[in-house]
DNA sequence: TCCAATCTATCTAACGGTAGGTAGTTAACG
DNA sequence: CGTTAACTACCTACCGTTAGATAGATTGGA
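Protein chains in written order, with our numbering: chain A, 253 to 435; chain B, 253 to 435.
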């Protein structure tokens, strides 16, 4: 799905706004202003807000998993988890923003169904990646334990971002992530 | 601060709406419809939306800490943490809703300052309670470690609610909470 | 005790602004 | 000529907020 440059600009702006205040924090008018077109032109690229919202989450998830790479070709389970944590850290510290699917997941009940479904996909694909990575440890664990471990990691990192941002202290994220690694 | 019955009804519906979709998910008009008055009457009780939002978060936090009780008079550190986890579980399973401050914390950057400050207070008061409880364990730990442990617990529970709701499976919360207890 | 003043809680009506969305047109390009 | 990507101009619905009025209860003083 190759997209025009303007369409990607629109997704960039929408993603940033959504990662600050959720689905209701971006609008066609504000996006239009930011990318210097009229709001009707934004509708040209993304017919409805549902479409735009779903596209934003889809692209975010694709990029996230792309950055993670192939779970089968990681150096070690430990280093892969460290990289995984690093990706959340980048989202928080480098971008200075919340994880899109953390904020979308929190408000999932009020989301248009196709947007909520994309948020769900983020978590399912992350779980799958983590389970694949964790299953490469030399200690053999039941698959259900690996899944719970994966869920725990995701939950802790999403929560750590929320707490760190609420208290306006990125070191809080690092402290929590550090404890998480040493388990 | 004793409030009229109608004011409490307003806070009830605002809280529910906010716990489904965040700060932008409730409006004076919708609240008015739900409590069977006109929207201008809602403004009589809470002059601005900032005021209403702050009052909702404040009441939520007060009730939460009230339910936790005095951290000095708990049976044991372990049972107190179990009770703490149970409170999140109630919010998720009994109410069928997100933690108000989990969702508000995620969108804190887009919140009116006085609402964001109340969300921050939720976390600070929770940390204080947890540190007080954890410091009663017979193993002596540095205070900083206790704080990190408190942050980890809060983050994991908030994240667990998000993941469980996104995947529409409350047992996910229990699995994560169970792992958290056994650390 | 009666009356006037005040308070509580609500109403109707409207304000300016923004939301998502649409119909029809225009300009540039291959 | 058809496609792409923009435009103008508009619509309906909703947003938070305010002004002004009103009915009923409460209260304080003559």
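All C-beta atoms, glycine included, are put in the ideal place defined by N, C-alpha and C. These numbers come from a predicted model, not from an experiment.
Checklist entry - Taking any Cβ of chain A, which residues in the segment 335-357 of chain B have a Cβ under 7 Å from it, in chain order? => result 350, 354, 355, 357
Next on the checklist: Which residue wins for smallest C-alpha separation from residue 325(A), given the options 386(A), 263(A), 396(A)?
Outcome noted: The count along the first chain starts at 1 and reaches residue 325(A) at position 73. Selected option, being the one with the closest Cα: 386(A).
Checklist entry - Which word fits residue 296(A), buried or exposed, when buried means at least 16 other C-beta atoms lie within 10 angstroms of its C-beta? => result Here residue 296(A) refers to the residue found at position 44 of the first chain. It is exposed - the Cβ of residue 296(A) has fewer than 16 other Cβ atoms within 10 Å.
Checklist entry - If you follow the alpha helix (DSSP H) that residue 268(B) is part of, which residue opens it and which one closes it? => result Counting from one through the second chain, the residue named residue 268(B) turns up at place 16. Element bounds for residue 268(B): 257-273.
Item to check | residue 380(B) to residue 328(B) span [Cα, whole Å] | outcome: The sequence position of residue 380(B) within the second chain is 128, counting from 1. The sequence position of residue 328(B) within the second chain is 76, counting from 1. So the two alpha carbons sit approximately 17 Å from each other.
Next on the checklist: I want to verify the contact list: residues of chain A whose CB lies under 8 Å from the CB of residue 280(B), in sequence order.
Outcome noted: Within the second chain, numbered from 1, the residue matching residue 280(B) stands at position 28. Neighbours of residue 280(B) on chain A: none; closest Cβ ~16 Å, over 8 Å.
Checklist entry - Given residue 432(A), which residues of its chain have a CB within under 6 Å of its CB, disregarding the five upstream and five downstream residues? => result For the purposes of this step, residue 432(A) is taken as residue 180 along the first chain, with counting starting at 1. 408, listed in sequence order.
Item to check | Per-residue contacts from residue 408(A) into chain B (C-beta, under 8 Å) | outcome: As a position in the first chain, residue 408(A) is number 156, starting the count at 1. Those within 8 Å of residue 408(A) in chain B are 404, 407, 408, 411.
Next on the checklist: At the level of alpha carbons, what is the spacing between residue 363(B) and residue 272(B)?
Outcome noted: Indexing the second chain from 1 puts residue 363(B) at position 111. Indexing the second chain from 1 puts residue 272(B) at position 20. Going from the Cα of residue 363(B) to the Cα of residue 272(B) covers about 16 Å.
Next on the checklist: Check whether the segment 395-403 of chain A and the segment 300-312 of chain A touch, using three or more Cβ-Cβ pairs below 8 Å as the test.
Outcome noted: no
Item to check | Residue burial classification, residue 430(B) (beta-carbon count within 10 angstroms, cutoff 16) | outcome: By 1-based counting over the second chain, the position of residue 430(B) is 178. It counts as exposed.
Item to check | Coil, strand or helix - residue 278(B) by DSSP | outcome: Translated into the one-based positions of the second chain, residue 278(B) becomes position 26. Three-state result, residue 278(B): coil.
Checklist entry - Under the three-state reduction of DSSP, which class applies to residue 408(B): helix, strand or coil? => result Taking the first residue of the second chain as position 1, residue 408(B) is located at position 156. Three-state DSSP puts residue 408(B) in a helix.
Checklist entry - To which residues of the same chain is residue 259(A) closer than 8 Å at the C-beta, ignoring the five residues directly before and after it? => result By one-based count along the first chain, residue 259(A) stands at place 7. Closer than 8 Å at the Cβ level, and outside the excluded window around residue 259(A), lie 297, 298.
Checklist entry - Within 8 Å (strictly less), CB to CB, does residue 315(B) reach chain A? => result Residue mapping note: residue 315(B) aligns to position 63 of the second chain, counting from 1. With 8 Å as the cut-off, residue 315(B) does not count as an interface residue toward chain A.
Next on the checklist: Can you find the residues in the same chain that come closer than 7 Å, C-beta to C-beta, to residue 373(A), ignoring five residues on each side of it along the sequence?
Outcome noted: Translated into the one-based positions of the first chain, residue 373(A) becomes position 121. Same-chain partners within the cutoff: 313.
Checklist entry - Using a C-beta to C-beta distance shorter than 7 Å, which residues of chain B count as neighbours of residue 286(A)? => result As a position in the first chain, residue 286(A) is number 34, starting the count at 1. Neighbours of residue 286(A) on chain B: none; closest Cβ ~15 Å, over 7 Å.
Item to check | Distance CB(residue 442(B))-CB(residue 283(B)) smaller than 8 Å | outcome: Because chain B here runs from 253 to 435, residue 442(B) falls outside it and cannot be looked at.
Checklist entry - Where does residue 365(B) sit, in a helix, a strand or coil, going by DSSP? => result As a working mapping, residue 365(B) is identified with position 113 in the second chain. Residue 365(B): helix per DSSP, three-state reduction.
Next on the checklist: Quick check on the burial criterion: 16 or more other C-beta atoms within 10 angstroms. Buried or exposed for residue 359(B)?
Outcome noted: Sequence index remark: in the second chain, residue 359(B) carries index 107 (1-based). That one is buried.
Checklist entry - Shorter than 8 Å from the beta carbon of residue 417(B) to some beta carbon of chain A? => result Position 165 of the second chain, counting from 1, holds the residue named residue 417(B). Chain A, which has a Cβ nearer than 8 Å to the Cβ of residue 417(B), makes this yes.
Item to check | Local conformation of residue 380(B) per DSSP, three classes | outcome: Locating residue 380(B) in the second chain gives position 128, counting from the first residue. It is helical.
Item to check | Length of the line joining the Cα atoms of residue 287(B) and residue 262(B) | outcome: As a position in the second chain, residue 287(B) is number 35, starting the count at 1. As a position in the second chain, residue 262(B) is number 10, starting the count at 1. Rounded to the nearest angstrom, the two C-alpha atoms are 7 Å apart.
Checklist entry - With distances taken between CB atoms, is the gap from residue 330(A) to residue 411(B) smaller than 8 Å? => result The count along the first chain starts at 1 and reaches residue 330(A) at position 78. The count along the second chain starts at 1 and reaches residue 411(B) at position 159. No; because the gap between Cβ atoms is not below 8 Å, this pair is not in contact.
Item to check | Whole-number beta carbon distance between residue 339(B) and residue 320(B), since they are thought to touch under 8 Å | outcome: Locating residue 320(B) in the second chain gives position 68, where the first residue counts as 1. Locating residue 339(B) in the second chain gives position 87, where the first residue counts as 1. Residue 320(B) to residue 339(B), Cβ: 7 Å. Contact.
Checklist entry - Taking the alpha-carbon positions, what's the residue 369(B) to residue 355(A) distance? => result Taking the first residue of the second chain as position 1, residue 369(B) is located at position 117. Taking the first residue of the first chain as position 1, residue 355(A) is located at position 103. Cα to Cα, residue 369(B) sits roughly 18 Å from residue 355(A).
Next on the checklist: Between residue 372(A) and chain B, is the shortest Cβ-Cβ distance under 8 Å, so that the two count as touching?
Outcome noted: By 1-based counting over the first chain, the position of residue 372(A) is 120. Yes, because at least one Cβ of chain B sits closer than 8 Å to the Cβ of residue 372(A).
Checklist entry - Assuming residue 419(A) and residue 316(B) make a contact with CB atoms under 8 Å, what is their CB distance in whole Å? => result Along the first chain, one-based indexing puts residue 419(A) at 167. Along the second chain, one-based indexing puts residue 316(B) at 64. Wrong, their Cβ atoms sit about 17 Å apart, outside the cutoff.
Item to check | the ligand ATP heavy atom lying under 7 Å from the CB of residue 388(B) | outcome: This structure lacks the ligand ATP; in fact it carries no ligand of any kind.
Checklist entry - CB residue 415(B) to CB residue 274(A), shorter than 8 Å? => result For the purposes of this step, residue 415(B) is identified with residue 163 of the second chain, where counting begins at 1. For the purposes of this step, residue 274(A) is identified with residue 22 of the first chain, where counting begins at 1. For residue 415(B) and residue 274(A), no; Cβs fall outside 8 Å.
Item to check | Of the residues 377(B), 277(B), 290(B), the one placed nearest residue 318(B), counting alpha carbons only | outcome: Translated into positions along the second chain, residue 318(B) becomes position 66. Comparing Cα-Cα distances from residue 318(B) to each of 377(B), 277(B), 290(B), the minimum goes to 377(B).
Item to check | Within chain A, the residues that residue 375(B) reaches when beta carbons sit closer than 9 Å | outcome: Here residue 375(B) refers to the residue found at position 123 when the second chain is read from its first residue. Those are 414, 415, 418, 419, listed as they occur along chain A.
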